[in-house]
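Chains A and B, in that order, give the protein sequences.
With the numbering used here, letter number 172 in the first sequence gets 172, and the count goes up by one each step, no holes.
Offset between the second sequence (1-based) and the numbering used here: plus 233.
C-beta atoms are modelled at their ideal positions from N, C-alpha and C, and glycine is treated no differently.
2 protein chains.
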Amino acid sequence: MTERTKTGFQDVRDEVLKRIQDRVWGQGDLLPTEQELAEEFGCARATVNRALRELADRGIIDRKRKSGTRVAVLPVKQAKLEITLTRQLVEDRNANYRYALVHREEVPAPGWLSSQLQLAADTPVLHIRAMHYGDNHPFQFEDRWINIAAVPSVTAADFSTVGPNEWLLAEVPFSTAELSFGAIAADAALAEYLACPIAAPLFQMERTTWFQAQPVTFVRMSFHPGYQMRSRY
Amino acid sequence: MTERTKTGFQDVRDEVLKRIQDRVWGQGDLLPTEQELAEEFGCARATVNRALRELADRGIIDRKRKSGTRVAVLPVKQAKLEITLTRQLVEDRNANYRYALVHREEVPAPGWLSSQLQLAADTPVLHIRAMHYGDNHPFQFEDRWINIAAVPSVTAADFSTVGPNEWLLAEVPFSTAELSFGAIAADAALAEYLACPIAAPLFQMERTTWFQAQPVTFVRMSFHPGYQMRSRY
DNA sequence: CAGTGGTCTAGACCACCCC
DNA sequence: GGGTGGTCTAGACCACTGC
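Okay, here's the thing in structure tokens:
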């Protein structure tokens, strides 16, 4: 008996990728049409379509109606960053997670925040500062502002035991966000919270979150010295 | 005449997402089967399938054979980071890009690199150091090691005018990589190259690249003070 | 205008896995 | 065992766009 396996879209996808990596089809080259590939692989055009669509999503090929499918010239590498709860970051390192509320206050939005969240001046916001620990070592300092109008029930949450991130994730799931990563020097307050020298270089992540076009929260997360965020593609 | 538009997979996808956001289906809830949704929307099951598959890819819902489709309890946010050439980062800021080679030497791989790239000790590697400028201001310092065995032709490239990243992208496209982001303090050499004070906090990105399971290159990119990387989801 | 990818349909079979 | 999602097929129509 000969080997009998049906040609699935994954087979097509992998074979096309292999040919691109082996330079059978070089950068910028035109690939055969879906119809031709379907005939070659002995499958339906829809199968080829799905295979090529996945490669296009990855940035490996460029597709245009009428002109056809080409190998991308400058493959845009897309790294997928999984953004999880700080709790999960800590527990993934097999450390014992602990959370502590530092500060909680309802205030009118300061000018820079109104601008950041596109709010009217002096809109009431909730300002939260909190610490996250791993095995009782400082892990991350969280400085967060929440637009009370977007989640009125937040005034009833005291955040003494549950972090605002976990609370918000349950209250306003499936939001959209903008992220920003950078490095800063620890000021006196951060140095104390994170138990590090003043001016130590810290990895910092800022996130602005919207829910159905309404600004919900802005958070600045400063990690302990030496922290590294990882990803792959 | 009434509005006449056909129900496409995007309509289904958006409507399902809307119902999840509106809590019609809460976290952990079971959704109707594909068959039922197809009937409700008046379309084929394949259309519903594609819509739900996209939501599953985004981490919004979890799908399992037999048990059905559920709203994800802890939506894993996936941020897409577009990793491009340093040239592009600079030009996207409307700045004039300039590249300069600092150092180029063939050496046996030091121990830490052999370990990082899973190479035999003393494998010959090419060590490159280079600078990237935007409008003649220091933008990024690049410290790179290339596995000569993986790309033998690299010995003929002098990298005096074209950066190793652009060269490698043309030579070894469609590779896979691991990324790591963090913050470091500028040492004396970095401070000089980046025209910043010693101990200034710098954003740093490290990348290890493979091509068909073979290690190709390890690079450490240190950005000028204040640089921020952005993304969204 | 005509060729290419984008999508939909109706039906079918299969793999998985909870019960 | 049976219900669910996963995939494939063969055909069709449409939208975009280069010529």
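- In the displayed model, K299 of chain B falls within coil according to three-state DSSP, outside both helix and strand.
- Identification of residues in the stretch 452-464 of chain B having a C-beta nearer than 7 Å to some C-beta of chain A yields Y460, Q461, M462, R463, S464, given in sequence order.
- The C-beta distance from I316 of chain B to A305 of chain B rounds to 27 Å, too long to fall under 8 Å, and the pair is not in contact.
- Judged by their CB atoms, Y133 of chain A and R87 of chain A are not nearer to each other than the 8 Å cut-off.
- T441 of chain B and A418 of chain B do not touch by the CB rule: their CB atoms are close to 23 Å apart, not below 8 Å.
- Check the Cα spacing between R453 of chain B and each of B:A446, B:S464, B:F414: the tightest is with B:F414.
- Ranking B:Q445, B:W400, B:F451 by CA distance to the CA of D14 of chain A puts B:Q445 first.
- Taking every protein chain shown into account, the CB of H103 of chain A has fewer than 16 other CB atoms within 10 angstroms, so this residue is exposed.
- Residue pairing for R440 of chain B: DSSP places it in a beta bridge opposite B:L412, B:V452.
- Contact annotation, L435 of chain B with A183 of chain A: C-beta distance approximately 6 Å; criterion of less than 8 Å satisfied.
- Q204 of chain A counts as buried, since at least 16 other C-beta atoms from the protein chains shown sit within 10 angstroms of its C-beta.
- From the beta-carbon of T409 of chain B, the residues of chain A found nearer than 8 Å are R232, Y233.
- Taking a C-beta distance under 8 Å as the contact criterion, L119 of chain A and N94 of chain A do not qualify as a contact pair.
- Assigned with DSSP and collapsed to three states, F372 of chain B falls in strand.
- For the pair Q311 of chain B and K80 of chain A, the CB atoms are nearer than the 8 Å cut-off.
- R362 of chain B is not a Cβ neighbour of T450 of chain B, given a cutoff of 8 Å.
- Residue pairing of S464 of chain B in beta bridges, as defined by DSSP: A:L179.
- Interface annotation, Q212 of chain A: in contact with chain B, CB-CB separation under 8 Å.
- In summary, the residues of the stretch 181-198 of chain A whose CB is separated from some CB of chain B by less than 8 Å are F181, G182, A183, I184, A185, in the order they occur in the chain.
- The beta carbon of V107 of chain A is closer than 6 Å to those of H127 in its chain, skipping five residues each way along the sequence.
- Under the 10 Å beta carbon count, S175 of chain A is surrounded by 16 or more other beta carbons and is classified as buried.
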